[in-house]
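Trainee: Could you have a look at this structure, given as structure tokens, before my questions?
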Amino acid sequence: MQPETGSLPNLVGSDLNEIESAIAAMGEAPYRARQIYAGIYRRCNRSWADFTDLGKDLRGRLSERFSISLPRLDCTFASGDGTRRYLFEVSPGMKIESVFIPEEKRDTICISTQVGCAVGCLFCVTGRLPMRRDLSAGEIVGQVLALRADRSVPSKRLNIVIMGMGEPLHNYDNVMKAIRLMADPEGLSISPRRITLSTSGVVPGIEALAAEPLIPNLAISLNATTDEVRDQLIPVNRKWNIAALLEACRRFPLEKRRRITFEYVLIDDVNDSPEDAHRLAALLKGLKKKINLIPLNADPWLRLKAPSESRILAFQEILIGHSITAYIRRPRGADVSAACGMLAGREHARGDLVHLPPRPAKPFTADRSRL
Ligand code: SF4
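Taking the numbering used here, the leading residue of the sequence shown gets 142, the next gets one more, and so forth.
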């Protein structure tokens, strides 16, 4: 059962067993729980009145005991490229964001897992915010339900990327429960092959994920080819360095035709040299992989900038020369602060981080001549 929303316990985020127990306590048969479960996750019902397969009397008794509440939507921001940023308030003063990215064949929903983030990556505006709290499983899966209903997207057309605010593996249990709810054929029915979890490199979390019966796609936010640079860009590297991280990746079980995605945010004069590209190819040798090159999305809250187009293309060329699949990911929704690394609970399309005091932005200080 999820934490209480308002005065009633919230069933969004509960699995079938939990709903069965709640319903049994009311003296109802288990098949009623399956009807409620399908109503919440498959049909995205919003109120007890929508559960037309339940009798009026039962609906009335359920509404006195339980809510089916999604995160409260504050506002949305529509980008010129069709991307849409959603700002939710999950509890007073605590805002999170999700992003809907329409694509030709499938649409993508990017969801958050924490309010703020403790990792503090130098290239990410979320990393400038203090960590406030983990999201519950209901708040995580609730973002998918809310966006899916708002955009009228069938589950078959959806990719889910767990790449929004927060480090998912710092909120392991709730994230895994949300993934199980998303993937359940009786519920949202999104194939695990269509769900991607991105981590900054929390090695014990990757190892725990590897032992799960249901494993989503794994994406690693790598972004550097030396520990000197990665220590600064992603402080979690000081605990689990590149060698430890890649060792965990080599042990990660991959089904046929599945591979690990390595994300590499390209930052001018920090990690974008030809030597970096060659080193990246050598580091990832032997791994089943693809690389997403993401030119940094500049933001007033970051003290870094994107490389020139020619440097981006040259970096990709070197990787392709090593027979590596490497895509350049162009930003989506940057005009409304919805692109990768820009999520910060902003109440305007661009501008201040108004609801939380930001951490000071650290400049990148590595002496490039040493690297
Ligand atoms: S990139 Fe991810 S892990 Fe790093 S600060 Fe941003 S939200 Fe946190």
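We treat Cβ as the ideally placed atom computed from N, Cα and C, and that holds for glycine. Just so you know, these numbers come straight off a predicted model, no measurement behind them.
DSSP three-state call for K431: helix, strand or coil?
Mentor: Translated into positions along the sequence shown, residue 431 becomes position 290. DSSP, read as helix, strand or coil, puts K431 in strand.
Trainee: Would G168 be called buried (16 or more neighbouring beta carbons within 10 Å of its own) or exposed?
Mentor: Position 27 of the sequence shown, counted from the first residue, corresponds to residue 168. G168 is exposed by the Cβ-count criterion.
Trainee: Could you tell me which of N364, I383 and I465 sits nearest to L106, measuring between CA atoms?
Mentor: Outside the displayed range of the chain (142 to 512) lies residue 106, so it cannot be described from this structure.
Trainee: Considering only the beta carbon of each residue, do P448 and D413 sit closer than 8 Å?
Mentor: Walking along the sequence shown from the start, residue 448 turns up at place 307. Walking along the sequence shown from the start, residue 413 turns up at place 272. Yes, Cβ-Cβ distance for P448 and D413 is below 8 Å.
Trainee: Hey, out of A219, R175 and S239, whose CA is closest to A287's CA?
Mentor: Counting from 1 along the sequence shown, the entry for residue 287 is found at position 146. The shortest C-alpha separation from A287 is found at S239.
Trainee: Compute the distance between the beta-carbons of V256 and R273, then report whether it is under 8 Å.
Mentor: Within the sequence shown, residue 256 is the residue found at index 115, counting from 1. Within the sequence shown, residue 273 is the residue found at index 132, counting from 1. Yes.
Trainee: Quick one: grab the DSSP three-state call for D275.
Mentor: Position 134 of the sequence shown, counted from the first residue, corresponds to residue 275. D275: strand per DSSP, three-state reduction.
Trainee: Just to confirm my understanding: we take F192, look at its own chain, exclude 5 residues before and 5 after, and list those with CB closer than 8 Å. What are they?
Mentor: Start at 1 with the first residue of the sequence shown, and residue 192 comes out as number 51. So the qualifying residues of the chain are Q176, I177, G180, N186, R200 and L203.
Trainee: DSSP on L512, reduced to helix/strand/coil?
Mentor: For the purposes of this step, residue 512 is taken as residue 371 along the sequence shown, with counting starting at 1. Unreliable placement is indicated for L512, whose pLDDT of 35 sits below 50; the coordinate value is still reported in the next sentence. Coil at L512, not helix or strand.
Trainee: Given a threshold of 16 other Cβ atoms within 10 Å of its Cβ, counted over all protein chains shown, does T267 qualify as buried or as exposed?
Mentor: The count along the sequence shown starts at 1 and reaches residue 267 at position 126. Residue burial annotation: T267 is buried, with at least 16 other C-beta atoms found within 10 angstroms of its C-beta.
Trainee: Can you tell me where the beta strand (DSSP E) with I252 in it begins and where it stops?
Mentor: Along the sequence shown, one-based indexing puts residue 252 at 111. Neither: I252 is in no beta strand (DSSP E) and is coded neither H nor E.
Trainee: Of all the options S253, R452 and P376, which has the alpha carbon lying nearest to the alpha carbon of I435?
Mentor: As a position in the sequence shown, residue 435 is number 294, starting the count at 1. Measuring from the Cα of I435, the nearest candidate turns out to be R452.
Trainee: When you compare the CB positions of A324 and A278, do they come within less than 8 Å of one another, or not?
Mentor: Sequence index remark: in the sequence shown, residue 324 carries index 183 (1-based). Sequence index remark: in the sequence shown, residue 278 carries index 137 (1-based). No, Cβ-Cβ distance for A324 and A278 is not below 8 Å.
Trainee: DSSP on C185, reduced to helix/strand/coil?
Mentor: Here residue 185 is taken as the residue at index 44 of the sequence shown, counted from 1. If DSSP states are grouped into helix, strand and coil, C185 belongs with coil.
Trainee: Taking the alpha-carbon positions, what's the M317 to I361 distance?
Mentor: In the sequence shown, residue 317 corresponds to position 176, counting from 1. In the sequence shown, residue 361 corresponds to position 220, counting from 1. Going by the C-alpha atoms only, they are around 17 Å apart.
Trainee: For K297, name the three-state secondary structure that DSSP assigns.
Mentor: Residue mapping note: residue 297 aligns to position 156 of the sequence shown, counting from 1. Reduced to three states, the DSSP call for K297 is helix.
Trainee: Is it the case that the region 291–303 contacts the region 342–350, given that we only count it when at least three CB pairs across the two stretches are under 8 Å?
Mentor: no
Trainee: With burial defined as no fewer than 16 other Cβ atoms inside 10 Å of the residue's Cβ, what is the status of E327: buried or exposed?
Mentor: Mapped onto the sequence shown, residue 327 falls at position 186. Classified as exposed, E327 has fewer than 16 neighbouring CB atoms from the shown chains inside 10 Å of its CB.
Trainee: CB of V344 to nearest heavy atom of the ligand SF4: below 7 Å?
Mentor: Stepping through the sequence shown from its first residue, residue 344 is reached at position 203. Result no, Cβ not under 7 Å from the ligand SF4.
Trainee: Is any heavy atom in the ligand SF4 found nearer than 7 Å to the beta carbon of G261?
Mentor: On the sequence shown, position 120 is the one that residue 261 refers to. The answer is yes for G261.
Trainee: Run through the DSSP bridge pairs and tell me what A360 is partnered with.
Mentor: As a working mapping, residue 360 is identified with position 219 in the sequence shown. In the DSSP output, where bridge partners are listed per residue, A360 has S339 and T402.
Trainee: What's the C-alpha gap between S208 and A439?
Mentor: By one-based count along the sequence shown, residue 208 stands at place 67. By one-based count along the sequence shown, residue 439 stands at place 298. Their backbone Cα atoms lie some 41 Å apart in a straight line.
Trainee: Under 8 Å, do L299 and D248 count as touching if we go by C-beta distance?
Mentor: Taking the sequence shown and counting its residues from 1, one reaches residue 299 at position 158. Taking the sequence shown and counting its residues from 1, one reaches residue 248 at position 107. Yes, these two residues count as a Cβ contact at 8 Å.
Trainee: Mind checking T466: buried by the 16 CB within 10 Å criterion, or exposed?
Mentor: Start at 1 with the first residue of the sequence shown, and residue 466 comes out as number 325. T466 comes out exposed.
Trainee: Any heavy atom of the ligand SF4 closer than 7 Å to the beta-carbon of M306?
Mentor: Here residue 306 corresponds to residue number 165 of the sequence shown, with the count starting at 1. Yes, the beta carbon of M306 sits closer than 7 Å to at least one heavy atom of the ligand SF4.
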